[in-house]
């Protein structure tokens, strides 16, 4: 398996949660009851899997490898991706804060939950498209077979850290639960 294939498979998992988050935001906006915990759990998935594992692989392993292979560190797609990672972190914090306020009974927090959820979903769909269609093919062309193996080894180290804590399986199960709950809204 090539390095970008690992990341693209993770994108498909993230997209499942994005779809569930969009459905929950739409349900809330339409006046259907959505438990605040749904949004807190979605924020947990985002922070733990999308950011904690997936972005860790990109920022800690792939991006340095492609920089070493000749892609300039300033300018080009990598700084854009890093800025979008930061935007995603800020939106996740806003989503979590609004969901906590909603859980405490603040009726105004619902609008912020919907706005934060939708902003995150839009950002990530656009971000994933840029990576899948531009950055990852570019990286695949830059990385030698030896580079590919080193990147895969780096990904394995990230996954070992995650697996030791059982996080990967927990996040996959959480993605499934969020999908199921969103489908019933």
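In our numbering, the protein residues as written are 3 to 187. Cβ atoms here follow ideal geometry from the backbone N, Cα and C, with glycine treated the same way. Note that this is a predicted model, so its numbers are computed, not measured.
Classified as exposed, residue 139 has fewer than 16 neighbouring CB atoms from the shown chains inside 10 Å of its CB. The DSSP assignment places complete alpha helix (DSSP H) segments of no fewer than 4 residues inside the segment 48-127 at 65-70 and 79-105, in order along the chain.
The Cβ atoms of residue 16 and residue 126 sit closer than 8 Å to each other. Cβ-Cβ distances below 6 Å link residue 51 to 173 in the same chain, with the five nearest sequence neighbours on each side left out; the list follows chain order. Here residue 32 is exposed: its Cβ has fewer than 16 other Cβ atoms, across all protein chains shown, within 10 Å. For residue 26, the uninterrupted alpha helix (DSSP H) run begins and ends at 5-31, by DSSP.
Membership of residue 37 in any alpha helix (DSSP H) is not indicated, and neither H nor E is assigned to it by DSSP. Secondary structure of residue 180 (DSSP, three-state): helix.
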